[in-house]
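**Student:** Take this structure, written in C-alpha cells, and hold onto it; I'll ask about it next.
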Amino acid sequence: MKRRAPLSSKYLILLAAAVGVISGLGAFIFYFLLDLSTKFFLAGLDNFNPPLAGGEAEIVKIDFHLGILPLPVVVALGGLLSGLIVYKYAPEAEGHGTDAVIRAFHRARGVIRARVPIVKTVASAITIGSGGSAGREGPIAQIGAGFGSFIGEALRLSDKDRRILVICGVAGGIGGIFRSPFGGAIFGIEVLYRRDNEVEAIVPAFVSSIVAFVVFDVMMSNFANTPFGVLPIFKIPQVTIHSPLEFPIYAVVSVLAAFFGILYVKVFYAVHNYSKKVGISPYLKPAIGGFFTGIIGLFLPGVLGMGYGYVQMAIDGKLAVSIMLLLIFGKIVATSLTVGTGGSGGVFAPSIVIGSMLGGFVGYTFHYLFPDIVVQPEAFVLIGMSAFIAAVAKTPIAAILMVLEMCGGYSLLPALMTSATLAYYLAGDYSIYAEQVATRAESPAHRMEMSIDVLENVKVKDAMVPAEKLVVVTPYQRVSEVLEMIEKTGHMGFPVVINSRLVGMVTFEDVERVPLEERDKTLVRDIMTRDLIVTYPDETLEEALIKLVDKGVGRLPVVDRKDERELLGLITRSDIMKAHAREVKRIVS
C-alpha cells in the first residue's frame, strides 16, 4: 500500500485534535464501564464498596447488592472473564498496555490492530471493577494509541506521522481521564524512553491532550453532574513548604521511592516471567492471580481496584501509618499478581497508591517526631506520589505535572521537583515499562530513519576528528589530571597513547569510579579500557552508529585496518549527528 509523504504541521495538528476527540470519548466510555463493572462485581456480588477519591464521581446510579460470592472468588471471576476476552480476541491487550504501545512505536511502525482498543476497554474494566489491583493508565494509553494508529492506517499516513498520532492518543487518553492535560502531553512524549523524549510530537500531543480533556470534562459534567473545568482527582487542603529543614526529608522520600521502586519492578517481572513459564492456559493465569489478590484484599482492602479512595484517606489523615506501610508491600504484591499474570490493567495507578503511602508514612512519622518541622504531613502524600512515579515510570517531568494537576498544591512545586528528580536518578535504569529504550538513538524507529541513505553514503573519515586535533593522555598520568582535562576541554573521553600508539581509552565514567582520595595516586593505566571497539576510516557512519548503540559506548577510536594501534582519529555520536545534518542539508539544497 502506498504511503503519503509526511504531512505538513497544520494538517497533523488537525488530526491530533481529531485523535483528542476520540480519546476523550474513549476515556469517558472506559470510565463509565469501569464504574458499571465495580457496581456489578465488588458492590453487587460481594457487598464491598471501595471508597472514592474526593474529586471522583459516580456515573452509574444503581443499587445492586447480592453479596453471594466471597471476595477472592469475585476477583478470580473478573480475571477469568478478562483473560477469556483478551486471549480470544486480542492477545496483545494482556498486561498493562503501555508496554504494548511503546513496543508498537519502536518496533511495529506504530501499528496497533483496530480491535485492540475495544478489547482493552472491556477487559480492563472487568479486571479493575472486580477488584484486580490495576489502574486506568495502561488501558487508556492503549485505547487512545489504538485510535491514533487506526486513523494513521485509514489515511495511509507515513510511519513517522502514524507514530506521532499514536503519541497523541496516549497523551489524549491520559490527559482526559486523569484530568491532566499538561501532564498527559508530557507523559506521551516521555514514556517511550528512559532518558529522552519524543520532542517532535510535543505540539500535536498538547493539542490532543487539551481536546481530550475538554471532551471528557463535558461528558462528565453532563452525565455525572460534575462542574465543568479543572477538578482535581484528589481534594487536598492548602499545603505549602514550611521550613528549609523539610528538604532533607524530601531526600529521604526519594531514597525510599527509589528502593521500593526497584523492588516493585523486580517483584512484578519475577511474577510476570514465572507466569509465562507455567504450563497452563493463559486465560486461567489472571484468574489465579486474581484469587490470591482477593485473599490479600480480605485483610487489606486498599489493594483492591485502583485504591484512590485510600490515597484520599491518607491525605485527610484518616489512615493509620501502619496501614500505609502495609499497603506499600500489599499493593506491590497484588499488582504483580493481577497484571503480572496477564490481567488487563495499568501499573500507573498502583504507582500512585504505593508512592502516596510511602510519602504519607514518612510524612506522618516525621510529623510525630518533629512537629515543628513537618507541619503538614499530608503534603508528603503528594511528594511520595511524584517521586515514586518518576522512579518507576522514568517520566520525571510528567510525574511532577500530573501530581500538580491531579491534586493541586502548586506551592509544593520545589518539593515535587526535588523528590522526583532525585528518585529518578537513584532508581537508575529500572523501569516498570520493559519496552522503553534509553534514547532516540537506540530506538529502531529512529535508527532506521538515520540509516536510510544518508548515513550509508558518508564515510567515517569524513566525520571523524583527525588524530592531530585530538587531546590524548598517557597511561602514566594521574586520574586527577584526567579529571582536570575533562573540566577544561568538556570532552568526556580520551584515547590513551604511548609514542602515538593507541593502547586504550579512558572516560569520565572510568574516572568517576575512582574514590576521591585515590585520584592523585591512581594512574590511567589502572582504569583504562584495553579491549577496544574500533572503527575504520572506510566504514560508513551507519556501521559506526550501530557499533556505538549495540556496545553502549559514546565514542570510537578510528584506526588503520592493517595496524589497529595506529590512531587516525576519533568519532562520537555527536559527530555522526552533525554529519547527518550536513548531508541532509546538502541533499535538500
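In my numbering, the protein residues as written are 69 to 657. The beta carbon of each residue, even a glycine, is placed where N, CA and C say it ideally should be.
Pick helix, strand or coil for Lys462, following the three-state DSSP scheme.
**Tutor:** In the sequence shown, the residue the question calls residue 462 occupies position 394. Correct three-state label for Lys462: coil.
**Student:** For chain D, check one thing: does any of its Cβ atoms lie closer than 8 Å to the Cβ of Glu580?
**Tutor:** Among the chains in the structure shown there is no chain D, since it carries only a single protein chain.
**Student:** Rounded to a whole number of angstroms, what is the C-alpha to C-alpha distance between Ala73 and Ile232?
**Tutor:** Taking the first residue of the sequence shown as 1, we reach residue 73 at position 5. Taking the first residue of the sequence shown as 1, we reach residue 232 at position 164. At Ala73, the pLDDT of 47 sits below 50, so the modelled position is not reliable; the number obtained from the coordinates is stated separately. Straight-line Cα distance between these residues: approximately 14 Å.
**Student:** So, using beta-carbon positions, are Ala269 and Ile254 closer together than 8 Å?
**Tutor:** On the sequence shown, residue 269 is found 201 positions in, with the first residue counted as 1. On the sequence shown, residue 254 is found 186 positions in, with the first residue counted as 1. The answer is no: Cβ separation not under 8 Å.
**Student:** Closest to Val142 by CA distance: which of Phe173, Gly357 and Leu110 is it?
**Tutor:** Here residue 142 refers to the residue found at position 74 when the sequence shown is read from its first residue. Out of Phe173, Gly357 and Leu110, Leu110 has the C-alpha closest to the C-alpha of Val142.
**Student:** How would you label Met474, buried or exposed, when you count the other beta carbons within 10 angstroms and need 16 or more for buried?
**Tutor:** As a position in the sequence shown, residue 474 is number 406, starting the count at 1. Met474 should be labelled buried.
**Student:** Gln380: buried (16+ other C-beta within 10 angstroms of its C-beta) or exposed?
**Tutor:** Position 312 of the sequence shown, counted from the start, is the residue given in the question as residue 380. Label assigned to Gln380: buried.
**Student:** How many angstroms separate the CA atom of Ala483 from the CA atom of Gly452?
**Tutor:** For this step, residue 483 is matched to residue 415 along the sequence shown. For this step, residue 452 is matched to residue 384 along the sequence shown. Each residue's alpha carbon lies about 10 Å from the other.
**Student:** Under the assumption that Ala86 contacts Val407 (Cβ atoms under 8 Å), give the Cβ distance between them as a whole number of angstroms.
**Tutor:** Along the sequence shown, one-based indexing puts residue 86 at 18. Along the sequence shown, one-based indexing puts residue 407 at 339. Not quite, the Cβ-Cβ distance comes to about 31 Å (not below 8 Å), so this is no contact.
**Student:** Applying the 10 Å Cβ sphere with the 16-neighbour rule, what's the burial state of Thr463?
**Tutor:** Here the question's residue 463 lines up with position 395 in the sequence shown. Flag for Thr463 reads buried.
**Student:** Quick one: Cα of Ile457 to Cα of Phe302, how far?
**Tutor:** Translated into positions along the sequence shown, residue 457 becomes position 389. Translated into positions along the sequence shown, residue 302 becomes position 234. So the two alpha carbons sit approximately 16 Å from each other.
**Student:** Quick one: which unbroken beta strand (DSSP E) runs of 3-plus residues sit fully inside the segment 540 to 625? Chain order, please.
**Tutor:** Counting whole runs of 3 or more residues, the segment 540 to 625 contains the beta strand (DSSP E) stretches 561 to 566 and 569 to 575.
**Student:** Just to check my reading of the structure: Ser217 and Gly178 have Cβ atoms closer than 8 Å, yes? What is that Cβ distance to the nearest angstrom?
**Tutor:** Counted from its first residue, the sequence shown places residue 217 at position 149. Counted from its first residue, the sequence shown places residue 178 at position 110. Confirmed, Cβ separation roughly 6 Å.
**Student:** Does DSSP put Met69 in a helix, in a strand, or in coil?
**Tutor:** Walking along the sequence shown from the start, residue 69 turns up at place 1. Any reading at Met69 is ruled out, since the residue's pLDDT is 46, under 50, leaving its predicted position unreliable.
**Student:** Starting from the C-beta of Val89, find all residues in its chain whose C-beta is less than 8 Å away, skip the five residues before and the five after it, and write them out in chain order.
**Tutor:** Within the sequence shown, residue 89 is the residue found at index 21, counting from 1. These residues qualify, in order along the chain: Val279, Ala280 and Val283.
**Student:** Is DSSP giving Pro534 helix, strand or coil here?
**Tutor:** Counting from 1 along the sequence shown, the entry for residue 534 is found at position 466. Reduced to three states, the DSSP call for Pro534 is strand.
**Student:** Can you tell me whether Met69 is buried or exposed? The criterion is at least 16 other CB atoms within 10 Å of its CB, across all chains shown.
**Tutor:** By one-based count along the sequence shown, residue 69 stands at place 1. The predicted model places Met69 with a pLDDT of 46, which falls under 50 and marks its position as unreliable; any figure quoted below should be read in that light. It counts as exposed.
**Student:** Report yes if the CB atom of Lys188 is closer than 8 Å to the CB atom of Gly165, and no otherwise.
**Tutor:** Translated into the one-based positions of the sequence shown, residue 188 becomes position 120. Translated into the one-based positions of the sequence shown, residue 165 becomes position 97. Closer than 8 Å, so yes.
**Student:** Helix, strand or coil: which one does DSSP assign to Glu634?
**Tutor:** Within the sequence shown, residue 634 is the residue found at index 566, counting from 1. Strand at Glu634.
**Student:** Return the chain-ordered list of same chain residues with a C-beta closer than 6 Å to the C-beta of Ala491, the five sequence neighbours on each side being excluded.
**Tutor:** In the sequence shown, the residue the question calls residue 491 occupies position 423. Cβ neighbours of Ala491 beyond the five flanking positions: Ser322, Ala325, Ala326, Ala455, Ala458 and Ala459.
**Student:** Count the CB pairs spanning the segment 502 to 509 and the segment 522 to 539 that are closer than 8 Å, and state whether there are at least three.
**Tutor:** Taking 8 Å as the limit for Cβ pairs, the verdict is that the segment 522 to 539 does not touch the segment 502 to 509.
**Student:** With a cut-off of 8 Å on the beta carbons, I'd call Tyr498 and Ile170 a contact; round off their distance for me.
**Tutor:** The residue you call residue 498 lines up with position 430 of the sequence shown. The residue you call residue 170 lines up with position 102 of the sequence shown. The pair is not a contact, with the Cβ atoms about 16 Å apart (cut-off 8 Å).
**Student:** Assuming Gln444 contacts Val621 under a Cβ cut-off of 8 Å, what Cβ separation, rounded to an integer in Å, is found between them?
**Tutor:** Working through the sequence shown from its first residue, we reach residue 444 at position 376. Working through the sequence shown from its first residue, we reach residue 621 at position 553. About 47 Å; that fails the 8 Å criterion.
**Student:** Using a Cβ-Cβ cut-off of 6 Å (strictly less than) and excluding sequence neighbours within five positions of Ala84, which residues of its own chain qualify?
**Tutor:** Along the sequence shown, read from residue 1 onward, the residue named residue 84 stands at position 16. Only Cys236, Pro272, Val275 and Ser276 meet the Cβ criterion.
**Student:** Let me make sure I understand the geometry here. Which of Ile330, Arg629 and Ser390 has the alpha-carbon closest to that of Ala495?
**Tutor:** Along the sequence shown, one-based indexing puts residue 495 at 427. Ala495 has its Cα closest to that of Ile330, out of Ile330, Arg629 and Ser390.
**Student:** Compute the Euclidean distance between the alpha carbons of His340 and Thr403, then round it to the nearest angstrom.
**Tutor:** Here residue 340 refers to the residue found at position 272 of the sequence shown. Here residue 403 refers to the residue found at position 335 of the sequence shown. Their backbone Cα atoms lie some 11 Å apart in a straight line.
**Student:** Taking just the CA atoms, how far does Gly637 sit from Arg623?
**Tutor:** Taking the first residue of the sequence shown as position 1, residue 623 is located at position 555. Taking the first residue of the sequence shown as position 1, residue 637 is located at position 569. In a straight line, the C-alpha of Arg623 is about 11 Å away from that of Gly637.
**Student:** Going by Cα to Cα distance, which pick from Leu570, Lys653, Phe132 and Val533 is closest to Thr640?
**Tutor:** Walking along the sequence shown from the start, residue 640 turns up at place 572. It is Val533 whose Cα lies nearest to the Cα of Thr640.
**Student:** Using CA atoms only, rank isn't needed, just tell me which of Glu314, Gly411, Leu104 and Val421 is closest to Thr332.
**Tutor:** Looking up residue 332 in the sequence shown gives position 264. It is worth fixing the name first, because residue 332 is Tyr in this sequence and not Thr. Among Glu314, Gly411, Leu104 and Val421, the Cα nearest to that of Tyr332 belongs to Val421.
**Student:** Count Cβ pairs between the segment 378 to 394 and the segment 312 to 321 that sit closer than 8 Å; are there 3 or more?
**Tutor:** Segments in contact, no.
**Student:** For my contact list, Leu523 and Leu616 are in at a C-beta cut-off of 8 Å; report their separation, rounded to the angstrom.
**Tutor:** The residue you call residue 523 lines up with position 455 of the sequence shown. The residue you call residue 616 lines up with position 548 of the sequence shown. In fact, because the Cβ distance is near 12 Å, the residues do not count as touching under 8 Å.
**Student:** What would DSSP say about Gly413, mapped onto helix, strand or coil?
**Tutor:** Counting from 1 along the sequence shown, the entry for residue 413 is found at position 345. Here Gly413 sits in coil by DSSP.
**Student:** Which runs of the alpha helix (DSSP H) at least 4 residues long sit entirely within the segment 300 to 364? Give them in chain order.
**Tutor:** With a minimum length of 4 residues, the continuous alpha helix (DSSP H) runs that stay inside the segment 300 to 364 are 314 to 345.
**Student:** Give me, in chain order, the residues of the same chain whose beta-carbon lies closer than 7 Å to that of Met560; leave out the 5 immediate sequence neighbours on both sides.
**Tutor:** Position 492 of the sequence shown holds residue 560. Within the same chain, Met560 has close Cβ partners Ile554, Thr575, Phe576 and Gly622.
**Student:** Which ranges would you report for the alpha helix (DSSP H) in the segment 421 to 499 if only whole runs of at least 4 residues count?
**Tutor:** Taking only runs of at least 4 residues, the alpha helix (DSSP H) segments lying wholly in the segment 421 to 499 are 447 to 461, 464 to 475 and 481 to 494.
**Student:** Pairing CB atoms from the segment 119 to 126 with CB atoms from the segment 141 to 160, are three or more of them under 8 Å?
**Tutor:** In short, these stretches do not touch, since the Cβ pair count stays below three.
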